Every structure is written in C-alpha cells, then in structure tokens.
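Input: a single structure, listed below in structure tokens.
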Amino acid sequence: MGFDKTYWDKNYSEPETMDGIGNAKAHVKYLKSMLEVEHVDISSVIDLGFGYGHLFKAMLKAFLPHTAVGIEPSEYAFKKAQKLKLKPVDTTQLALKQIDLLTWCRQVKNKKGEPYDLAICTSVFQYLTDKELKEILPILSTKVKFIYLTVPTDSEFKRQVSDLDFKDEYAIHRTREKYHKLLRPYFTFISSRFLESKHFFDEESTPFTDHLYRY
51 MGFDKTYWDK
61 NYSEPETMDG
71 IGNAKAHVKY
81 LKSMLEVEHV
91 DISSVIDLGF
101 GYGHLFKAML
111 KAFLPHTAVG
121 IEPSEYAFKK
131 AQKLKLKPVD
141 TTQLALKQID
151 LLTWCRQVKN
161 KKGEPYDLAI
171 CTSVFQYLTD
181 KELKEILPIL
191 STKVKFIYLT
201 VPTDSEFKRQ
211 VSDLDFKDEY
221 AIHRTREKYH
231 KLLRPYFTFI
241 SSRFLESKHF
251 FDEESTPFTD
261 HLYRY
C-alpha cells in the first residue's frame with residue numbers, strides 16, 4: 051500500500067537536504083554525461099518508486115524520452131508528485147501509476163513489449179524483503195536495459211545515525227555483500243549507481259567499453 055503521511059513527515063521532514071531531491075540536478079548531470087561518453091541513447095524511462103517526484107522530473111527534463119512511466123505505491127507521495135509538472139514536452143507519453151514494484155513486476159511478467167532503456171530506482175530496495183527482491187529482480191532484468199540504483203547498506207545506515215542523527219525505522223538493513231549476491235545473477239555493475247541487465251548484454255554486446263569496471 052505504500053507509506054502513509056507519517057513516514058513522509060518523519061523521513062522527509064527536510065526534503066531539500068536529501069539525496070535525490072536537493073541534488074537531483076547533480077544526479078542527472080552525472081548520469082547524462084556518462085551515457086553521452088558511451089553514446090547510449092535513452093528514449094524510454096521508468097521510475098520504480100518516484101516518491102515526491104523531484105528526481106523523476108529532473109531525469110525527464112534531461113532525457114526528453116518518448117515514453118515515460120512512474121510508479122509509486124504511497125497515495126500521499128503520489129498526490130504530491132502529481133502537483134509537479136512532470137511531463138517535459140508534449141511529445142513525451144507519460145503515465146503515472148499508484149502501484150508497488152512487486153505488483154508491477156507481477157503484472158508485466160508475461161507481457162510482451164519493448165524494454166525500458168532506463169529505470170530509476172532510488173531508496174526502494176531497503177523496504178523490500180529478501181523474498182520480494184528474489185521475485186522482483188529476475189523479472190526486472192527482462193524489462194529494463196539499465197538501472198540507476200541507490201540503496202543504503204548497513205554501514206551507511208550507521209553513518210546516518212552517527213553523522214546526521216537520522217534513523218530510518220522502516221528500512222531493512224543489509225550488507226553490501228548481500229545486495230551483490232541478490233543482484234549479481236541478473237545485473238552487471240558498470241559504474242557508481244549504474245547497472246546493466248544481463249538479459250540484454252554481455253561483454254561482447256554492451257555499449258560500455260571500459261570492461262575494467264564490469265563486475
């Protein structure tokens with residue numbers, strides 16, 4: 051069902067200071083520059099939990115995709131994001147769905163259609179159980195070519211408490227090794243926050259030529 055207003059008021063009390071909101075333009079600049087270096091074109095984008103919509107809006111403005119989809123299970127966040135002008139140009143076909151990632155994966159599992167060039171998934175995985183991630187990841191790898199992924203590990207959660215006096219009581223703490231184990235069968239790590247689907251690419255077919263950074 052997604053988090054209610056209590057979660058957003060507690061965890062996003064100062065949204066302008068948060069990663070992916072206050073620095074949304076920096077995230078976009080980094081990602082767009084990396085893709086331009088490798089001549090990778092992005093014509094379709096999906097945000098797998100857009101929250102308040104700030105990063106999603108910045109991504110759409112930068113890439114001007116032909117097709118864009120955003121999903122968000124929280125009714126409270128969904129309504130706030132709808133107030134933003136998310137659609138960058140009239141030619142972008144934008145669809146917003148109030149739905150969670152697991153349900154979306156189950157719905158599209160056996161549907162045919164072109165994969166999304168880029169998925170955005172920021173601060174989502176820490177709220178999903180191991181069982182849910184094990185069901186989601188193999189499906190997701192067949193529906194998106196690349197994914198811009200951020201998820202805090204257990205060590206980062208500790209730093210949030212000590213450095214920022216912030217504790218996310220809703221999140222599941224996992225080690226870096228645990229996330230790697232869950233992701234590795236389906237995705238290749240290309241760069242910081244950027245993963246490539248193994249369903250679509252290997253070392254011979256990838257557009258990313260610096261193989262030193264593949265793992």
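All residue numbers for the sequence shown refer to the working numbering, where the first residue is 51 and numbers rise by one. Just so it is clear, CB atoms sit at the ideal spot from N, CA and C, and this is done for glycine as well. No experiment lies behind these values; they were computed from the predicted model shown.
Pick from the options that is closest to residue i, judged by C-alpha positions
i, options, result
"Y62", "E219, T141 and T192", "E219"
"F128", "V139, D150 and L110", "D150"
"R243", "M51, H249, P165 and G70", "G70"
"Y166", "M84, Y80, D215 and K193", "K193"
"T259", "M84, F53 and G52", "M84"
"W58", "I92, E253, K130 and D140", "K130"
"Q157", "Y177, K208, T179 and E185", "E185"
"F100", "F251, Q132, F250 and Y80", "Q132"
"K55", "I92, I96, Y102 and T200", "Y102"
Euclidean distance between Cα positions of residue i and residue j
i, j, result
"M68", "H261", "32 angstroms"
"Q143", "S212", "43 angstroms"
"R234", "Y263", "14 angstroms"
"G72", "L214", "16 angstroms"
"E253", "E164", "22 angstroms"
"F53", "S205", "24 angstroms"
"T200", "K159", "23 angstroms"
"T141", "I96", "16 angstroms"
"K181", "W154", "16 angstroms"
"I92", "S255", "17 angstroms"
Residue i vs residue j beta-carbon contact at 8 angstroms
i, j, result
"H104", "A76", "no"
"L183", "L232", "yes"
"S94", "P65", "no"
"L110", "L136", "yes"
"I222", "Q176", "yes"
"V87", "P257", "no"
"K162", "S247", "no"
Cut-off 8 angstroms between Cβ atoms - residues of its own chain near residue i, not counting five sequence neighbours on either side
i, result
"Y265", "T238 and F239"
"L187", "L232, L233, P235, Y236 and F237"
Assumed close pair residue i, residue j - CB separation to whole angstroms, cut-off 8 angstroms
i, j, result
"L245", "V174", "Not really, about 14 angstroms apart at Cβ, beyond 8 angstroms."
"Y236", "S191", "4 angstroms"
"L134", "K107", "5 angstroms"
"A26", "K82", "As displayed, the chain neither begins before 51 nor continues past 265, which places residue 26 out of reach and without an answer."
"I189", "C171", "Not a contact, Cβ separation roughly 13 angstroms."
Contacts around residue i, its chain only, beta-carbon distance under 7 angstroms, and the 5 residues preceding and following it disregarded
i, result
"T203", "R224, T225, R226 and Y229"
"M51", "P123"
"F216", "Q210"
"S241", "M84 and Y263"
Own chain residues within Cβ distance below 6 angstroms of residue i, not counting five before or after
i, result
"Q148", "F128"
"P138", "L110, K111 and L114"
"T179", "none"
"Y80", "none"
"F250", "K195"
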